[in-house]
Structure formats: structure tokens, C-alpha cells
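Asker: Counting in our numbering, the sequence shown runs from 148 upward without gaps.
Just so it is clear, CB atoms sit at the ideal spot from N, CA and C, and this is done for glycine as well.
Every value quoted in this text rests on a predicted model; they were computed, and no experiment measured them.
Got a structure for you, questions after.
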Amino acid sequence: MDIDRFTVGQLRAFASIVTGDDDALIDAVLRREKQAVWQNVVRLYFERHGRYISPRGLKARVCDPNRDFRLTQPTLTCADELTRFDYAFEGKVTLPSVAEYEDRTSALIEQVRATAGIANALSGVHLRWFMSQMEITNHGKLVQLLAGAVKRSYEAHDFRGKHPRRKLNNYCHGELEGQVTVIPESHLDRLVERLKAGPVFGVQFPNCLQGYSMHAQREVMATAPQGFILSGPETLVTMAIYPETLARDFKAHT
């Protein structure tokens with residue numbers, strides 16, 4: 148080993164990392180009474196509450212999440228979720244069976260749970276979703292279609308009797324066709340390609356980036372774990388399935 152290529156500062160930092168600045172431990176290592184055991188470090192992407200951990204060197208703005216704005220994990224069955232989906236889309240979308248929907252989304256959840264670096268994501272709100280096979284050629288037209296489903300679901304929901312007969316006003320109705328584009332950093336092109344081949348099942352973590360500015364959200368995708376994309380059209384799908392979670396009131400933050 149060429150020790151001369153390291154600076155004194157680097158060697159001190161190395162000793163600090165290995166021993167935690169414990170002088171007694173350093174002495175024990177030098178006497179060969181103790182030794183270091185090396186293992187690969189698993190990068191944690193999510194903290195214990197399910198929020199994404201800011202990577203080093205992030206340039207865009209991030210602030211602490213305002214805990215007054217929060218979501219509640221729904222307790223619906225998969226059958227309930229598909230029933231809501233079917234109502235929102237007026238029965239015009241071919242649905243998977245309840246068994247397939249549950250199996251495919253549960254497999255994704257278990258994959259996350261079994262992966263050390265991202266398992267904490269499940270400590271936050273996570274929502275199953277499904278989109279049928281389609282070729283997306285006009286994102287604005289798709290958003291308008293999905294917004295209509297959200298409106299039907301929202302206006303039919305009584306929010307546990309607290310807010311019956313609510314109305315949803317879409318002030319962009321009829322104005323979005325040809326006006327919506329996809330930013331490259333979002334990785335939504337992956338979802339678009341998958342939807343061409345067949346239906347897509349997913350799990351959304353709607354507020355894992357709470358407190359991240361728009362630019363910060365785009366920036367973190369450069370180092371995000373494989374399989375993660377920024378929320379896109381599936382957000383409207385989940386809002387149609389879970390209005391009491393994503394559209395409860397002013398403090399339901401996504």
C-alpha cells in the first residue's frame with residue numbers, strides 16, 4: 148500500500164470513521180487486540196417516517212415538511228379499490244381480477260419491504276394503483292380524461308358524512324389538450340412505454356418528497372432507486388380511488 152498518496156487529513160478521517168474517535172479502540176487496534184470488519188454500506192433512500200433523504204450535493208431547495216399537512220393511510224380492501232376505480236371510470240375500463248390486482252401490487256410492496264435501502268418508504272402513506280394498457284400520444288387529453296374520473300369519485304364521496312355533496316370545479320377543463328409535456332427527469336417515459344405493452348400495476352408514495360421544491364424533486368431523480376418515477380398521470384388515478392386520502396381537505400397535501 149502506498150501510504151504516501153494519502154494526506155494527513157484523509158488518514159485522520161479514515162481513523163475517525165473506523166473507530167468513532169475512540170482513543171481506547173485505536174490503541175486496541177494498534178495492539179492487534181481488535182480488528183475492523185468491512186462490509187458494503189447500504190444507502191438509505193428513505194428515513195424512518197418514509198420521507199426521501201436528501202442526497203449529498205443537492206442544489207435545489209428543500210425545507211422541512213410541515214406536519215400540519217399530512218395524509219392518512221387508507222384501510223380499503225383491494226376489492227373496494229377496484230369498485231371505486233370502476234365507478235370513477237364509468238365501467239369503461241377493463242379491470243383486472245381482484246386476485247391479480249392484489250397479487251401484483253402486493254408483490255411490489257413486498258419487493259420494497261425486502262430491499263434495505265428503500266424499505267422505510269412503506270412507513271409513509273403508500274397507495275396501490277392500476278392503469279390499463281394504452282398508448283399515450285397526448286398527455287393533456289389523458290389528464291382531462293383522468294380529471295373527469297376524479298370529479299365523479301370526489302363528488303360521490305361523503306367523506307364520512309362530514310362533507311357530503313361536495314363539488315369539484317376543474318378550471319382547466321377543455322384547455323389541456325396539447326398543453327401538457329413531460330420533463331425528462333421525471334422518468335415518466337418509462338411508464339408510457341410500459342403502458343404500450345400492457346396494464347401497469349404500481350404503488351405510489353404521494354408525500355415522500357414533501358418539502359422538496361419542484362426543482363429538487365426533479366434533481367433527486369438522477370440518483371433515485373431503480374423503478375421509481377416522479378408522480379404523473381397515476382396521481383389522478385389514485386385520487387379517484389382514494390379521495391378521502393388525497394382530497395380530504397386543505398391539509399391533505401400531495
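Taking R198 as the reference, which of C210, R152, S163 has the closest Cα?
Answerer: Indexing the sequence shown from 1 puts residue 198 at position 51. Cα-wise, what sits closest to R198 is C210.
Asker: If I measure Cβ to Cβ from H362 and keep anything under 6 Å in the same chain, skipping five residues before and after, which residues do I get?
Answerer: The residue you call residue 362 lines up with position 215 of the sequence shown. Result list for H362: A207, in chain order.
Asker: Suppose the cutoff is 6 Å on Cβ atoms and the five residues either side in sequence are ignored; what does the same chain contact list for T166 look like?
Answerer: Within the sequence shown, numbered from 1, the residue matching residue 166 stands at position 19. Taken in chain order, the residues that qualify are L172, I173.
Asker: Take N285 as the anchor and find which of Q326, F306, P372 has the nearest alpha-carbon.
Answerer: Here residue 285 corresponds to residue number 138 of the sequence shown, with the count starting at 1. Selected option, being the one with the closest Cα: Q326.
Asker: Note down the Cα distance separating G374 from E237, rounded to an integer number of angstroms.
Answerer: By one-based count along the sequence shown, residue 374 stands at place 227. By one-based count along the sequence shown, residue 237 stands at place 90. The alpha-carbon atoms of G374 and E237 are separated by roughly 30 Å.
Asker: Taking just the CA atoms, how far does E228 sit from L242?
Answerer: Mapped onto the sequence shown, residue 242 falls at position 95. Mapped onto the sequence shown, residue 228 falls at position 81. About 11 Å.
Asker: In terms of DSSP beta bridges, what is R275 paired with?
Answerer: For the purposes of this step, residue 275 is taken as residue 128 along the sequence shown, with counting starting at 1. Answer is V350.
Asker: Need the endpoints of the alpha helix (DSSP H) that E247 sits in, please.
Answerer: Residue numbering aside, residue 247 sits at position 100 when the sequence shown is read from its first letter. Where E247 is concerned, the enclosing alpha helix (DSSP H) stretches over 245 to 260.
Asker: Identify every residue that forms a DSSP beta bridge with V209.
Answerer: Along the sequence shown, read from residue 1 onward, the residue named residue 209 stands at position 62. BP columns for V209 point to Y359.
Asker: Quick one: residues in its chain with C-beta nearer than 7 Å to the C-beta of Q364, no 5 flanking neighbours on either side, listed in chain order?
Answerer: Position 217 of the sequence shown, counting from 1, holds the residue named residue 364. Cβ within range, chain order: L356, L377.
Asker: Using 8 Å as the Cβ pair cut-off and three pairs as the minimum, do the region 289 to 304 and the region 251 to 270 touch?
Answerer: They do not touch, by the three-pair rule.
Asker: Between A263 and F193, is the Cβ-Cβ spacing less than 8 Å?
Answerer: Counting from 1 along the sequence shown, the entry for residue 263 is found at position 116. Counting from 1 along the sequence shown, the entry for residue 193 is found at position 46. No; because the gap between Cβ atoms is not below 8 Å, this pair is not in contact.
Asker: Taking contact to mean at least 3 C-beta pairs separated by less than 8 Å, is the region 301 to 321 in contact with the region 337 to 356?
Answerer: Result no; under three Cβ-Cβ pairs closer than 8 Å.
Asker: Between A226 and the rest of its own chain, which residues show a CB-CB distance below 7 Å, the 5 nearest in sequence each way excluded?
Answerer: Stepping through the sequence shown from its first residue, residue 226 is reached at position 79. Excluding residues within five positions, the ones whose Cβ falls inside 7 Å are V245.
Asker: What residue range is occupied by the uninterrupted alpha helix (DSSP H) comprising F232?
Answerer: As a working mapping, residue 232 is identified with position 85 in the sequence shown. Note, F232: alpha helix (DSSP H), 225 to 235.
Asker: Using only the alpha-carbon positions, how far apart do A303 and P390 sit?
Answerer: In the sequence shown, counting from the first residue as 1, residue 303 sits at position 156. In the sequence shown, counting from the first residue as 1, residue 390 sits at position 243. Their backbone Cα atoms lie some 10 Å apart in a straight line.
Asker: Hey, could you find the ends of the alpha helix (DSSP H) V290 is sitting in?
Answerer: In the sequence shown, counting from the first residue as 1, residue 290 sits at position 143. First-last of the alpha helix (DSSP H) with V290: 286 to 303.
Asker: Opposite F193 in the DSSP bridges: which residues?
Answerer: Translated into positions along the sequence shown, residue 193 becomes position 46. DSSP output for F193 lists Y199 as bridge partner(s).
Asker: Report the residue from A261, E322, V339 whose alpha carbon sits nearest the alpha carbon of S279.
Answerer: Your numbering for residue 279 matches position 132 in the sequence shown. Among A261, E322, V339, the Cα nearest to that of S279 belongs to V339.
Asker: What residue does the alpha helix (DSSP H) around A160 start on, and which one ends it?
Answerer: Within the sequence shown, the letter at position 13 stands for residue 160. From DSSP, the alpha helix (DSSP H) with A160 extends over 155 to 166.
Asker: Can you tell me where the alpha helix (DSSP H) holding P390 begins and where it ends?
Answerer: Locating residue 390 in the sequence shown gives position 243, where the first residue counts as 1. Taken as a continuous stretch (DSSP letters only), the alpha helix (DSSP H) holding P390 covers 390 to 393.
Asker: Taking V272 as the reference, which of A387, A371, Q220, V188 has the closest Cα?
Answerer: For this step, residue 272 is matched to residue 125 along the sequence shown. Nearest of A387, A371, Q220, V188 to V272, Cα basis: Q220.
Asker: Looking at the structure shown, is E340 part of a helix, part of a strand, or coil, going by DSSP?
Answerer: Counting from one through the sequence shown, the residue named residue 340 turns up at place 193. Here E340 sits in helix by DSSP.
Asker: Indicate the three-state DSSP secondary structure (helix, strand or coil) for T385 in the structure shown.
Answerer: Position 238 of the sequence shown holds residue 385. Residue state, collapsed to three classes: helix.
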